[in-house]
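Counted from 1, the sequence shown has number 1373 at position 96 by our numbering; the numbering is strictly sequential.
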Amino acid sequence: MRRRLSRWLGERSLAQQLLLLQAAVVLAVCLIVATTVLLDTRRDLDAASAQRVLAVAETVARSPQVVDAVRAVSAVPGTARHHTDVQAYAESVRRSAGTDFVVVMTPKRVRLSHPNPDQIGRHFIGTIAPALAGEPFTETYTGTLGPSVRAVAPVRYGERVVGLVSVGITVAKIGQEFWAQLPAVFGVAGLAYVLAAAGAFAVSRRLRRQTHGLGPREITRMYEYWDAVLHSVREGLLVLDSDRRLQLANDEAVRLLELPPDAVGGPVGDAGLPDSLRDLAESGRDAVDELHLVGLRTLLVNQRPAVWEERRLGTVVSFRDHTELTALTGELDSVKSFAEALRAQTHEAANRLHTVVAMVELGRAEAAVRLATDELRLTQELTDRVTSAVAEPVLSALLLGKASQAHERGVELVVSDETEVGDTAVDPRDLVTVVGNLIDNAIDAALAGEPPRRVVVTVRECNGEFLARVADSGPGMAPARLPEVVRRDGSTKGDGRGLGLALVDQVVRRHGGSLTLEHDGGAVFEVRLPVARPAGAAARPAASEAAP
């Protein structure tokens, strides 16, 4: 039976189970209260009846007519039936007071009155000793009329007790009064139950809407599964309500954003999010695959509204660590730049070859040889300068590729004479990120300025420090704006600066270096990275410090 009941309850929704439980509890409470009220009512009726009969008995005992009658019967025994006036008086009092009997008796229990006239002259049945001692009292006793609540009071003549008066109400009559009050008690209890049940039903309906009619098993299973999923996925999740308060942050979000323990539950603006991510969350706008820089990480962020049945509940922000992919993308961009440079060089070489061939066909062989020699010399000089000054093959290839790319775009890229880098301990990927992005931004800035458009690059390593300085002939930028541009999270470039500078700043902070900006006719960016070398290894001197 218990198993069947448990199965039946398990099939009900949480709201239905709550309604049944509340109804059962309310019913039990109403029954307990009704029973308590009935017991109190019965006790009050008994007490009230005792007080009433005692008051009537004391009133009758003080009647002069009663005093004279009991004295006369006590003086002349056997004359109790002759005092009909006492019987009439007692019956009138009984009827007006609503009692079942009023018995006047002598100290020897001889009745002078009784509702049943046949009992007059006979002996009273019950306790009279306290009353004979002068103390009125009440008791429940079974007499000629059955069980009754009675009071016995002394009839005094001066200081003597000359008689007794007993007034009582049968227990059956008290029970009738008790049962007469039952409809009112149960009516109030029933009304209270109906009101409580109506309230429970309203709460149940609201709960059913909020739980979507799910039962405890479904809710438990959903919570366990979704909680496990949210905390095990390798993607950060933030859930905001309609008031922009942070309601959920999974483990990955806490790790990536380094959220404080009290972030959940408060406004998203107080959660310690990076500025760009906080602005996005507070705006509530849709975002698809936006890049945001958070400390030394690059996050790919999406933001969508959380909607249920066409009602917007809040916002869901999801993000994943894009740092490694960004580095690989930078390397791919460098490779593409190399490919574009090779394509440009191939195209330019083909044009020169056609020109030389045409000049030979026109009979101007000496001029053709001079043109070919001059172009080859300029190209070879740049290649020789870069390869002799930069021993790191990735960095030298990057400089040569960027030079060809700049030339194709109408910008002269000059590698300064101070450039000299040996077998550096800096990660080649970091070199590509720093030098490549600085040159790309410088080329864009030079194109925004007036001719002649020029970019000067210096890379060197000395005294345990790697230096990269890139100057352009563009309009320049105020040094005070550097913190602003390195925090920029968009992929579009404003003022010739975009995500590249933010990536450079990431590398600088990871190495514990520095990034500075000066204005010298154009923008001059300078990056310094400390170079960790094995013990006993000496740093390679700069070109200006090398022996002649």
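C-beta atoms are modelled at their ideal positions from N, C-alpha and C, and glycine is treated no differently. Just so it is clear, the structure is predicted and the values come from calculations on it, not from any experiment.
Is it the case that the Cβ atoms of V1732 and I1716 are separated by a distance below 9 Å?
In contact: V1732 and I1716 (Cβ atoms closer than 9 Å).
To test your reading of the DSSP string, which unbroken beta strand (DSSP E) runs of 3 or more residues are found completely within the stretch 1346-1414?
Runs of the beta strand (DSSP E) inside the stretch 1346-1414: 1378-1382.
Between G1440 and P1413, what straight-line distance do the alpha-carbon atoms span, to the nearest angstrom?
So the two alpha carbons sit approximately 12 Å from each other.
In terms of residue numbering, what span does the beta strand (DSSP E) encompassing N1579 cover?
Looking at the DSSP string, the run of the beta strand (DSSP E) that includes N1579 is R1574 to W1585.
Helix, strand or coil: how does DSSP classify V1344 here?
Three-state result, V1344: helix.
Flag this pair as touching only if the stretch 1411-1431 and the stretch 1333-1350 have three or more C-beta atom pairs under 8 Å; answer yes or no.
With the cut-off at 8 Å, the stretch 1411-1431 and the stretch 1333-1350 touch.
Alpha carbon to alpha carbon, how far is V1438 from P1431? Give it in angstroms, no decimals.
Cα-Cα distance, rounded: 6 Å.
State buried or exposed for V1429, treating a residue as buried only when at least 16 other CB atoms are found within 10 Å of its CB.
Buried: at least 16 other Cβ atoms inside 10 Å.
Considering only their Cβ atoms, is the gap separating G1467 from D1518 smaller than 9 Å?
Cβ distance not < 9 Å, so D1518 and G1467 don't count as in contact.
Taking the straight line between their C-alpha atoms, what separation do you get for R1737 and D1552?
Their Cα atoms are separated by approximately 35 Å.
If you measure between the beta carbons of V1878 and L1677, is that distance less than 9 Å?
Past the edges of the chain, shown from 1278 to 1825, lies residue 1878, and the structure says nothing about it.
Opposite V1804 in the DSSP bridges: which residues?
V1804 is bridged to A1745 and L1792.
Helix, strand or coil, according to DSSP, for P1637 in the structure here?
First, the residue type needs correcting, since residue 1637 is Val and not Pro in the sequence shown. Helix.
Among E1643, A1311, E1742 and A1449, which residue has its Cα nearest to the Cα of G1790?
The shortest Cα separation from G1790 among E1643, A1311, E1742 and A1449 belongs to E1742.
Kindly list the residues whose CB is nearer than 7 Å to the CB of T1376, restricted to its own chain and excluding five residues on each side of it in sequence; keep chain order.
Here the set comprises V1330, V1333, V1444, G1445 and I1446.
Which residues does DSSP list as the beta-bridge partners of R1598?
Residue 1598 is actually Asp in this sequence, not Arg. BP columns for D1598 point to L1576.
Considering only C-alpha positions, which residue in the set D1782, A1779, D1721 and L1780 is nearest to G1753?
Ranking D1782, A1779, D1721 and L1780 by Cα distance to G1753 puts D1721 first.
Tell me the DSSP bridge mates of A1526?
Its beta-bridge partners are L1515.
Where does K1679 land, buried or exposed, given buried means 16+ other C-beta within 10 angstroms?
That one is buried.
Cβ of V1363 within 9 Å of Cβ of Q1342?
Yes.
Once you ignore the five residues that flank P1544 on each side, which residues in its own chain have a CB closer than 7 Å to its CB?
Cβ within range, chain order: R1521 and R1522.
Measuring only the C-alpha atoms, how far is L1806 from A1748?
Taking the straight line from one Cα to the other gives about 18 Å.
Are the CB atoms of L1389 and A1352 within a distance shorter than 9 Å?
No, the pair does not count as a contact, with Cβ atoms beyond the cut-off.
Pick from V1584, R1597, P1538 and S1373: whose alpha carbon is nearest that of V1565?
The shortest C-alpha separation from V1565 is found at R1597.
With a threshold of 16 other CB atoms inside 10 Å of the CB of S1369, please say whether the residue is buried or exposed.
Classification for S1369: exposed.
What is the DSSP secondary structure of P1760, counted as helix, strand or coil?
Three-state result, P1760: helix.
L1557 lies in the alpha helix (DSSP H); which residues open and close that run?
D1552 to S1560 is the extent of the alpha helix (DSSP H) around L1557.
Just to confirm the assignment, what range does the alpha helix (DSSP H) spanning L1536 have?
Counting along the chain, L1536 falls outside any alpha helix (DSSP H), and DSSP gives it neither H nor E.
First and last residue of the beta strand (DSSP E) that includes S1443?
Element bounds for S1443: R1437 to T1447.
Taking only three categories from DSSP, how would you classify L1422?
Coil.
Smallest Cα separation from D1782: which of R1730, E1727 and L1708?
Nearest of R1730, E1727 and L1708 to D1782, Cα basis: L1708.
Within this structure, are the beta carbons of P1756 and E1795 separated by less than 9 Å?
Cβ distance < 9 Å, so P1756 and E1795 count as in contact.
Please report how far the alpha carbon of R1706 lies from the alpha carbon of G1799, in whole angstroms.
Going from the Cα of R1706 to the Cα of G1799 covers about 27 Å.
Just list the residues that DSSP pairs G1591 with in beta bridges.
In the DSSP output, where bridge partners are listed per residue, G1591 has D1518 and A1583.
Leaving out the 5 sequence neighbours to the left and right, which residues in its chain are closer than 8 Å to L1533 when beta-carbon positions are compared?
Same-chain partners within the cutoff: G1513, V1571, R1574, L1576, F1596 and D1598.
Going straight from the alpha carbon of V1350 to that of T1356, what length do you get?
Near 6 Å, if we compare the C-alpha coordinates of T1356 and V1350.
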